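Protein chains: 2
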Amino acid sequence: MTPRESYDQFVIRLRQHADLAAALRLMEWDQETFMPAGILESRARQIGALAALVHERQTDPRFLALVDDLAARAAELDPEQQVDVRETAWRLGRERRLDTALVRARSELHAQARGVWIEARRVDDFAVLAPFLQRIVDMERRVAGTIDPSRPAYDVLLEEYEPGMSAAAIAPLFEGLRAGLRPLVDRLRARLERAPLSSGALCGDFALDAQRHFNRIVAEQLGFDFTRGRLDEAVHPFSTTIGEDVRLTTRYDPHDLRYGLYATIHETGHGLYEQGLDRHAWGTPRGHACSFGIHESQSRLWENQVGRSAGCWRHLLPLARQFFPQLANTSLDAVLLAVNDARPSLIRTEADEVTYNLHIILRFELEQGLVDGRVAVGDLPSVWRERMQQDLGLVPQTDRDGVLQDVHWASGAIGYFPTYTLGNIYAAQLMSAAEAALADLDEQLASGDFGALLHWLREHIHRCGQRERAPELIRRATGSLPTPGPLLTHLDRKLAVLERA
Amino acid sequence: MTPRESYDQFVIRLRQHADLAAALRLMEWDQETFMPAGILESRARQIGALAALVHERQTDPRFLALVDDLAARAAELDPEQQVDVRETAWRLGRERRLDTALVRARSELHAQARGVWIEARRVDDFAVLAPFLQRIVDMERRVAGTIDPSRPAYDVLLEEYEPGMSAAAIAPLFEGLRAGLRPLVDRLRARLERAPLSSGALCGDFALDAQRHFNRIVAEQLGFDFTRGRLDEAVHPFSTTIGEDVRLTTRYDPHDLRYGLYATIHETGHGLYEQGLDRHAWGTPRGHACSFGIHESQSRLWENQVGRSAGCWRHLLPLARQFFPQLANTSLDAVLLAVNDARPSLIRTEADEVTYNLHIILRFELEQGLVDGRVAVGDLPSVWRERMQQDLGLVPQTDRDGVLQDVHWASGAIGYFPTYTLGNIYAAQLMSAAEAALADLDEQLASGDFGALLHWLREHIHRCGQRERAPELIRRATGSLPTPGPLLTHLDRKLAVLERA
């Protein structure tokens, strides 16, 4: 076969895999949204069967041979084709090293530990989870060593989520961020000591049907295409893509408008990215999201940079009043205080923009320590308490409010946490670059016109797929490699508003 | 391998196929319920990919060899195991004869003709569909000849839906039914000439949310288990089973309570059958519905025999009044007239119980004629008109109200129609047998107690799976092979009520 013929064959196979993966995504989505409770076990089995099949197809020897052949003849391909071959070969290079027995043992361990985590939280006792967490750490070390024994295990794990990144590259970024956050947290504490923040403007009674309608319109106005997607409800909001069908979920609090709205805007950010991927390249790396960090940058940009801004609320507040007449006399300033409320807290998912990244940096350092042996599983609760005291001046009284709060490690996701803060860093850089590129962006947002910003993101991020890895993608979009400066500037401005209130 | 070991292997494979088929069912369900409109094409492709895969697995040479081996050693298996091997071998015996190219050509033709059917209906011109229908008839003849050249082509096609049945077995049943229906239709006409039926008791304004709530409670009271199923809405109500998760759909008319209610009860009947199958035998023929006709008997039994009865409405009317206060002064007699309204009509799906089967018998005879060449495709509209005049005294003025009204033939489903009337025949026999077996069934229904009837059906139909084919299953449950007598008795009673009104 000519390289062109081989490449065409290769794309046909990639797309077959993508079509099967779409069925898997739909089963997972359904499980979190509409599936009746009594059939959990059979659904788990169906998902297992299909996942095994997709894995089998992806690591089928004939397909691997095709990819190897293309990789060896990459020079004969055009640059676009090279991207697809390079990224597919890279990912398969990881997967093919793990034999089926190891893959199965790993996923069984994750499923089991996830159940134990639920129980450990119920009885509020980390000791229940500890032996399983130890097994997970051992397993992940083994997986990393099998994939690439020549590199630090943590980096191998991290690249599952953020290819092209390493602990050594992240550490100075996070250090700079932490150094910049310290004085901000001190200022926040001083502000809170002076007087309580009046942040209740969006609390009250908000009928669920009105919230559903309002949230749908917001997602639509931000640019989400409902002819190729949905917005439903789930206990833990998430989004997924079934082929080219992007499904968002949110969750409403009848007494707090913020809860559902920011979940919706966050997931809409993920959804806009997915809907903005190059449709002509579907099923290939060029038509696939770049990394978890870049994905999170899109959700965070819309949620925090746009959705909590004064410009955006100049548009949103009149819209919200159409659905919730009780907001008729609520001022823009009061709403901005409500959506930018900040205070040190114990729980990551409830943290504000100022303190959120300190929760992540803590986890990033602890999980590195777990993998390289500097931190013992048994010491996690005490180390956690020390670090929380140091960073946020708070000490969890229970494991549930401390080391047991997140499911990630118990699900085997080690190396995932840093992508949250990378997303925040990227988002601030992107917003800063977009503001520089687009005249009067704040005025555009205030008039409900999100199109220019979305277009800019489409061009600089969405359409790029996996042509570059995250650091290079950010550099091309913003003129600078990842750096915490714009995020710190953004947070400093937020804090100044709180200080004036 | 011992026969036992082979059998165990065989069941593992069957269940793997069932798990993959579940994903396929979910994609189809989603397409009809929640899928956004703009992604139809990619969904069709995903369904195609998964369907091809399921077919590939089912006809995998190693699996076929396993089944052949078991079939050859069937005498060494226990009777339960023999059922699974016999039925699987029988179905595979059909599928394996069709090579992949033929399967693909056939399904492409069906998809294409379905699109043409929509267009032919839009322009109301059978000539648009005719060439495609001719190709479908030719294709189905070829398929039948490939599966079994020794038998009449129509019988081979029919057995796809009703194994163990043949045109020769059905013809006398349907002839007897038609002979019995003629005087009933004459009586109905006479009744309608005397005075219009006052059948508007359940027409008015019925809020959709109240209808949703009411219908869900009805399904639940009939015995549908919502922890293993759902009730949603679809343009064309249907039900499907995803593993052990049974999903019903219905469709509400805001001005007529009957529309949604009888769609719900009908689909609940299908759903109760699926939920009553032997769960320990899931994935095998013993845990699978017997035939399309038996399936339809379950929906029809609950819809017509139970749901339109005086006993049932003694319970339903007070329940309905809780949701629809406007029914406070509506009498039971008025409701019974409304739900048993009958009049000759052109459209099968709108036909009443008395005339419905005449629509089916017409189609049964025409499709046999198409397959054996006695009826030319081009003559269908005129033959249709003649027969409608003869049977119902009505002549469609358009193809849309005549030969173009059903999608079945254009979808390649030839041999499917008789299962509707077989279902009605079986349902009347089963209800008659249940009434004989259960003391005071009418009183039980009147008190909202559907449990004894459901239990009887579970025992005599649901739990049996494919242990017997439909005629034998009916004989064991009712003491008589399929016969139109009980259905005619049932319709005679219905008519007597109308005649008294």
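Just so you know, the protein sequences line up as chains A and B, in that order. Mapped onto numbering that gives the first Met the number 0, the consecutive letters of the first sequence carry residue numbers 0 to 500. Mapped onto numbering that gives the first Met the number 0, the consecutive letters of the second sequence carry residue numbers 0 to 500. Even glycine gets a Cβ: it sits at the ideal position worked out from N, Cα and C. In this text, all values refer to a predicted model and were calculated from it rather than measured experimentally.
Pairwise C-alpha distance: residue j and residue i
{"i": "Glu302(A)", "j": "Arg257(A)", "result": "11 Å"}
{"i": "Ala88(B)", "j": "Arg373(B)", "result": "33 Å"}
{"i": "Ala104(A)", "j": "Glu86(A)", "result": "26 Å"}
{"i": "His454(B)", "j": "Cys289(A)", "result": "56 Å"}
{"i": "Tyr251(A)", "j": "Leu260(A)", "result": "8 Å"}
{"i": "Leu391(A)", "j": "His358(A)", "result": "9 Å"}
{"i": "Asn214(A)", "j": "Ile264(A)", "result": "8 Å"}
{"i": "Asp340(B)", "j": "Arg246(B)", "result": "29 Å"}
{"i": "Leu101(A)", "j": "Val115(B)", "result": "51 Å"}
{"i": "Ser410(B)", "j": "Asp185(B)", "result": "34 Å"}
{"i": "Arg347(B)", "j": "Ala438(B)", "result": "35 Å"}
{"i": "Asp137(A)", "j": "His212(B)", "result": "52 Å"}
{"i": "Asp448(A)", "j": "Glu498(A)", "result": "30 Å"}
{"i": "Gln389(A)", "j": "Ile169(A)", "result": "21 Å"}
{"i": "Arg177(B)", "j": "Ala43(B)", "result": "41 Å"}
{"i": "Leu429(B)", "j": "Ala476(B)", "result": "7 Å"}
{"i": "Ser198(B)", "j": "Thr418(B)", "result": "29 Å"}
{"i": "Ala445(A)", "j": "Asp332(A)", "result": "14 Å"}
{"i": "Ala143(B)", "j": "Pro284(B)", "result": "23 Å"}
{"i": "Phe323(A)", "j": "Arg313(A)", "result": "16 Å"}
Residues of its chain near residue i, where Cβ-Cβ distance is below 6 Å and the 5 sequence neighbours each way are ignored
{"i": "Gly422(A)", "result": "Gly292, Glu295, Ser296, Arg299"}
{"i": "Asp231(B)", "result": "Thr32, Thr248"}
{"i": "Val376(A)", "result": "Ala129, Leu132, Gln133"}
{"i": "Leu326(A)", "result": "Ala319, Arg320"}
Three-way DSSP call (helix, strand, coil) for residue i in this model
{"i": "Leu316(A)", "result": "helix"}
{"i": "Ile241(A)", "result": "strand"}
{"i": "Arg285(B)", "result": "helix"}
{"i": "Thr248(B)", "result": "strand"}
{"i": "Arg229(A)", "result": "strand"}
{"i": "Asp124(A)", "result": "coil"}
{"i": "Asp83(A)", "result": "helix"}
{"i": "Asp400(B)", "result": "coil"}
{"i": "Asp351(A)", "result": "coil"}
{"i": "Asp405(B)", "result": "coil"}
{"i": "Asp448(B)", "result": "coil"}
{"i": "Asp59(A)", "result": "coil"}
{"i": "Asp255(B)", "result": "strand"}
Same chain, Cβ closer than 7 Å to residue i, five either side skipped, listed in chain order
{"i": "Asp398(B)", "result": "Asp123, Asp124, Phe125, Pro380"}
{"i": "Gly183(A)", "result": "This sequence places Leu at residue 183(A); Gly is not what is there. The answer, listed in chain order, is Val353, Leu490, Asp491, Leu494."}
{"i": "Pro253(A)", "result": "Asp204, Phe205, Leu207"}
{"i": "Ala50(A)", "result": "Leu23"}
{"i": "Gln367(B)", "result": "Tyr153, Ala166"}
Spatial neighbours of residue i in its chain, beta-carbon cut-off 8 Å, leaving aside the 5 residues before and after
{"i": "Arg134(A)", "result": "Leu108, Ala112"}
{"i": "Val84(A)", "result": "Tyr6, Phe9, Val66, Leu69, Ala70, Ala73, Leu76"}
{"i": "Leu387(B)", "result": "With the sequence shown as reference, residue 387(B) is identified as Met, and Leu is not the correct amino acid for it. Counting only Cβ-Cβ distances below 8 Å, and skipping sequence neighbours, we find Leu345, Leu361, Leu393, Val394, Pro395, Gly401."}
{"i": "Leu276(B)", "result": "Gly286, His287, Ala288, His461, Arg462, Gly464"}
{"i": "Val53(A)", "result": "His16, Leu19, Ala20, Leu23"}
Check whether residue i and residue j have beta carbons under 7 Å apart
{"i": "Gln465(A)", "j": "His235(A)", "result": "no"}
{"i": "Gln45(B)", "j": "Asp255(A)", "result": "no"}
{"i": "Gly175(A)", "j": "Pro483(A)", "result": "yes"}
{"i": "Val402(B)", "j": "Trp383(B)", "result": "yes"}
{"i": "Gly242(B)", "j": "Arg14(B)", "result": "no"}
{"i": "Gly268(B)", "j": "Phe223(B)", "result": "no"}
{"i": "Leu201(B)", "j": "Ala36(B)", "result": "no"}
{"i": "Ala435(A)", "j": "Pro485(A)", "result": "no"}
{"i": "Asp441(B)", "j": "Gly310(B)", "result": "yes"}
heavy atom of the ligand ADP below 6 Å from residue i C-beta
{"i": "Arg307(B)", "result": "By its list of ligands, the structure shown contains no ligand whatsoever, and the ligand ADP lies outside what it can speak to."}
Q: Give, in chain order, every residue of the stretch 310-325 of chain A whose Cβ lies closer than 7 Å to some Cβ of chain B.
A: Contact residues of the stretch 310-325 of chain A toward chain B are absent (C-beta to C-beta distance below 7 Å).
Q) Which residues, in chain order, does the stretch 238-269 of chain A contribute to contact with chain B at a C-beta distance below 7 Å? A) Within the stretch 238-269 of chain A, the qualifying residues are Gly242, Glu243, Asp244.
Q: Would you list, in chain order, the members of the stretch 26-43 of chain A that have their beta-carbon closer than 8 Å to a beta-carbon of chain B?
A: In summary, the residues of the stretch 26-43 of chain A whose CB is separated from some CB of chain B by less than 8 Å are Met26, Asp29, Phe33, Met34, Pro35, Ala36, Gly37, Ile38, Ser41, Arg42, in the order they occur in the chain.
Q: With 9 Å as the limit, tell me which residues of the stretch 206-227 of chain B have their beta carbon closer than that to any beta carbon of chain A; keep them in chain order.
A: Those would be Asp224, Phe225, Thr226, Arg227, in chain order.
Q | Proximal residues, the stretch 1-16 of chain B versus chain A, C-beta separation under 9 Å | A | Per Cβ criterion, the list reads Arg14, Gln15.
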